[in-house]
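Worksheet: the structure to be examined is printed underneath.
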Amino acid sequence: MAQLFPKSANVHARVTIFGLVILICGAGWATSTIYWSPYTTNVDVPLQQPIPFSHKHHVTDDGIDCRYCHTSVEKSSFAGIPPTETCMTCHSQLWTDAPVLASLRNSLATGQPLKWIRVNDLPDYVYFNHSAHVAKGIGCSNCHGRVDRMPLTRKAETLYMRWCLRCHENPQQFIRPRDKVFDMAWRAPPNQEEQGQALIRQYHVDTSGRLTNCSTCHR
Amino acid sequence: MHTQNRSPNTVDRSQSFSPLGYPTNLLTPGQTYATVNQTIADIPLKRAPGPWWVGFIISFLLLMMFLVAVTWLFWKGVGVWGINIPVAWGFAIVNFVWWVGIAHAGTFISAILLLLFQPWRTAINRFTEAMTLFAVCCAGLMPLFHLGRPWVFYWLFPYPDTMRLWPQFRSPLVWDVFAVGTYFTISLLFWYLGLVPDLATVRDRAKKLWQKKVYGFFALGWRNSASHWQRHQIAYLLLAGLATPLVLSVHSVVSFDFAVAIVPGWHSTIFPPYFVAGAIYSGFAMSLNIVIPVRKIYHLENLITDRYLNNMANIMLVTGMIVAYGYFIEALMAWYSGDIFEIYMMTNRAFGPYGWVFWVLMLFNVLVPQALWSGRIRRNPVLLFIVALFINAGMWIERFVIVITSLHRDFPPSMWAMFYPTKWDWMTLFGSVGLFLTLQFLFIRFVPMISISETRELVAEPQKANTL
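Respectively, the protein sequence lines represent chains S and Y.
With positions in the first sequence counted from 1, the corresponding number in my numbering is that position plus 315.
With positions in the second sequence counted from 1, the corresponding number in my numbering is that position plus 4.
See below:
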């Protein structure tokens, strides 16, 4: 009987088999890479704002405290976006003619607030409270990263549930003294594990499982 | 081998019988390698007979109905079905358990009978393995349809998701995913491995080049050498060993879906063995419903002799008795428990609003199969076909009784409600039959439906073929 397939069919068979393995592994790797890249998570991607506001300039160069603008962060679930008037405490005197601030002046004149675009936007099915975190020793930089080094504001973390759980399961690795909450440069000391345990007791953080209960955040 | 020239399709009725009246031939006398090859391998190579087209077109129309039902379901949601609280598990789960059960005969025949050296698996193992694959396909779809959001079905698998949540491993519903997934994989490998030498036979008999190439491609370069056979047999036995525990485990896991819950009528320790017996029961019934007409249409009486039908009927009789025992124990335990809810469940099941379904079940699954005690019925293809149809319907009704009557009146009477299937429920059920039959018809058309190499083994060792 004549050969049905040329000799090269052997090569094709091997290439197909090994190629398929490589293709499946490669596709898995590519999917995971794209899935966890800023392309889908939007981490480190600055958004287009009405004014190119620089946290780096206002915090690092000018030394303004977070709470000067985000006034309700210690008292409310919402940290607060400053009204035009807060900006005007300085900018009624400084850079009064700067073209980049034209929309700010316009906002004051018309009474229409500026439309800032939310950078850290949690889904609506998540309950989140800034004041609770601040009161229990979770610092701004824990979630927002080094905002004092951001010329344009961007998300520092994915805000995915697995990221939340990293801390909710092991708060002792992240908790800091209350007086360091607004300290952008704070870093975990070498004895963070013991200090964290002590702070958990001191601040009455309930580690009996309440932090990982579904209905704590999904109410 | 003196009858080289006879037509392979002439039926030789000269059977030998055992003292108890069993037919003992697995092959009619006079079969040779040539007749076996010709009878089986020429079916995929020649034009399909008329009855095949009729059956295929009807099945395909049913499949299209399935498509309509599923499209509407995905468009509107599970509300198009009759399910609601308290009967949240309706036809989808009934169909799922029914199809998984049907899938069990394949592995039972191919793996367990192989390991037990039973030669009467030879002519039916290919059919039933294919039936297993197609029934698992139908079964696997049902729970996915039942998901409120079927497009996130992959949440059933443990993978690194953004929520860092794993599936609930304590839930039998997750065990189902793995049990059914494993079962399908092993069954597919086992089926394909057995097919390889036969595909080579078809390749060698094919006249047209494209047929040679297609079958040659899937025959993986099989040359019938001794070393090929040695490796093939080792792999085949290993896979049979792997598949054997699955016969028992898969339907046990399916029964845990119910037994782990606290609903009266579900929370019962008899469930795993009782489900496995029921699965093999319905699996053999479905095999007979397929084998009997196919044997007739393709004139395969020389290869699928009455002994096969007789033995399959025997298995149905045994498993049917185990299932009947299960029904009895369920009622007995309800009474013996002294638990008001258990006792009420049993009374309601037999005499409540769905009572008539229960008595139909008793008729179909317990009474009618008693006919199989008669050897004349076991060897009468038409009567056996009818009994098998009753059992298939009965096994579906059994799952209906378990799922619906247990749920519709469980604990507080304020929660009681009736379940009425909608036309979409029925279309999904009969549509899935269409999917199953369409795949089955395609299999019969394009794949050698009886193991050629194993039948040749019977020709080579006639003493094996003709002993009890």
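Built from N, CA and C at the ideal position, the CB exists for glycine as well.
Whose Cβ in chain Y lies nearer than 7 Å to the Cβ of S/L480?
Within 7 Å Cβ-Cβ: R168.
How would you call S/T348, buried or exposed, if buried means at least 16 neighbouring beta carbons within 10 angstroms?
Exposed is the call here.
Closest to Y/F157 by C-alpha separation, out of Y/V181, Y/E402 and Y/W85, would be which residue?
The residue with the shortest Cα to Cα distance from Y/F157 is Y/V181.
According to DSSP, is Y/R10 helix, strand or coil?
The predicted model places Y/R10 with a pLDDT of 44, which falls under 50 and marks its position as unreliable, so this point remains unresolved.
Within 10 angstroms of its Cβ, does Y/V15 collect 16 or more other Cβ (buried), or is it exposed?
In this predicted model, Y/V15 has a pLDDT of only 49, less than 50, meaning its place in the structure is not dependable enough to derive any value.
Tell me, please, whether the stretch 112-121 of chain Y touches the stretch 43-58 of chain Y by the rule of three or more beta-carbon pairs shorter than 8 Å.
No, they do not touch.
Determine, using beta-carbon pairs with one atom in the stretch 355-368 of chain Y and one in the stretch 311-318 of chain Y, whether at least three such pairs fall under 8 Å.
No: fewer than three Cβ pairs fall under 8 Å.
Cα-Cα, which of Y/S410, Y/F389 and Y/L441 is closest to Y/G359?
When each option's Cα is compared against that of Y/G359, the closest is Y/S410.
Can you tell me whether DSSP reads S/P504 as helix, strand or coil?
Of the three classes helix, strand and coil, the one that applies to S/P504 here is coil, per DSSP.
Go through its chain and collect everything with a Cβ distance to S/V434's Cβ below 7 Å, but skip five positions before and after it.
Once the five neighbours on either side are set aside, the close Cβ partners of S/V434 are L362, T468, R469 and K470.
Unbroken alpha helix (DSSP H) runs of length 4 or more, entirely within the stretch 251-329 of chain Y: which are they?
Correct list: 275-301.
To the nearest angstrom, how far is the alpha carbon of S/L409 from that of S/S369?
Going by the C-alpha atoms only, they are around 15 Å apart.
Answer with buried or exposed for Y/P53, where buried requires no fewer than 16 other C-beta atoms within 10 angstroms of its C-beta.
Counting Cβ neighbours within 10 Å, Y/P53 comes out exposed, since fewer than 16 surround it.
My output table needs one value for Y/P171: the three-state DSSP class, helix, strand or coil.
If DSSP states are grouped into helix, strand and coil, Y/P171 belongs with coil.
Strictly below 9 Å CB to CB, what residues from chain Y border S/L526?
Those within 9 Å of S/L526 in chain Y number zero; the least Cβ separation is about 14 Å.
Could you name the residues of the stretch 458-477 of chain S whose beta carbon sits closer than 9 Å to any beta carbon of chain Y, in the order they occur along the chain?
Hits within the stretch, in order: T473, Y475, M476 and R477.
Looking only at its chain, what residues have a beta carbon closer than 6 Å to the beta carbon of S/Y442, apart from the 5 residues adjacent to it on each side?
Closer than 6 Å at Cβ, skipping near neighbours: C532 and R534.
For S/S530 and chain Y, any beta-carbon pair shorter than 9 Å?
It does not; no Cβ of chain Y falls within 9 Å.
Please return the same chain residues whose Cβ sits closer than 7 Å to the Cβ of Y/A412, not counting the five positions on each side in sequence.
The sequence shown places His at residue 412 of chain Y, not Ala. Excluding positions up to five away in sequence, the list reads P90, V91, W420, A421, M422 and F423.
So what's Y/Y163 in DSSP terms, helix, strand or just coil?
Y/Y163: coil per DSSP, three-state reduction.
Please name the residue in S/P486, S/F497 and S/T522 whose C-alpha comes closest to that of S/E508.
Measuring from the Cα of S/E508, the nearest candidate turns out to be S/P486.
Is the Cβ of S/S347 closer than 9 Å to any Cβ of chain Y?
Taking Cβ atoms only, chain Y reaches closer than 9 Å to S/S347, which makes this a yes.
Any beta carbon of chain S sitting closer than 9 Å to that of Y/P164?
Yes, because at least one Cβ of chain S sits closer than 9 Å to the Cβ of Y/P164.
Tell me which same chain residues have a C-beta within less than 6 Å of the C-beta of Y/G110, skipping the five on either side of it?
Counting only Cβ-Cβ distances below 6 Å, and skipping sequence neighbours, we find T132, E133, M135 and T136.
For Y/G152 and chain S, any beta-carbon pair shorter than 9 Å?
By this cut-off, Y/G152 is not an interface position.
Going by DSSP, what residue range makes up the alpha helix (DSSP H) through Y/F157?
Per DSSP, Y/F157 belongs to no alpha helix (DSSP H) and is neither H nor E.
Only counting runs of 4 or more residues, tell me where the alpha helix (DSSP H) segments fall wholly within the stretch 352-434 of chain Y, in order along the chain.
Runs of the alpha helix (DSSP H) inside the stretch 352-434 of chain Y: 359-365, 379-382 and 385-404.
Between the stretch 174-189 of chain Y and the stretch 141-149 of chain Y, can you find at least three pairs of beta-carbon atoms closer than 8 Å?
Flag = yes, the stretch 141-149 of chain Y and the stretch 174-189 of chain Y touch.
Exposed or buried, what is S/V326 when buried is set at 16 or more other beta-carbons lying within 10 Å of its beta-carbon?
With fewer than 16 Cβ atoms within 10 Å of its Cβ, S/V326 is classed as exposed.
State buried or exposed for Y/W294, treating a residue as buried only when at least 16 other CB atoms are found within 10 Å of its CB.
Residue identity differs from the one stated: residue 294 of chain Y is Ile in this sequence, not Trp. That one is buried.
Compute the Euclidean distance between the alpha carbons of Y/P297 and Y/F445, then round it to the nearest angstrom.
So the alpha carbons of these two residues sit roughly 12 Å apart.
Taking C-beta pairs closer than 9 Å, name the residues in chain S that Y/G220 reaches, listed in chain order.
Those are L319 and F320, listed as they occur along chain S.
Return the residue from the list Y/P268, Y/A283, Y/L336 and Y/G379 that minimises the CA-CA distance to Y/P416.
Cα-wise, what sits closest to Y/P416 is Y/P268.
Relative to the alpha-carbon of S/Q510, which residue among S/D521, S/F489, S/T527 and S/S530 has its alpha-carbon at the smallest distance?
For the residues S/D521, S/F489, S/T527 and S/S530, the minimum Cα distance to S/Q510 belongs to S/F489.
Are the C-beta atoms of Y/K216 and some chain S residue less than 9 Å apart?
Chain S contact via Cβ: present.
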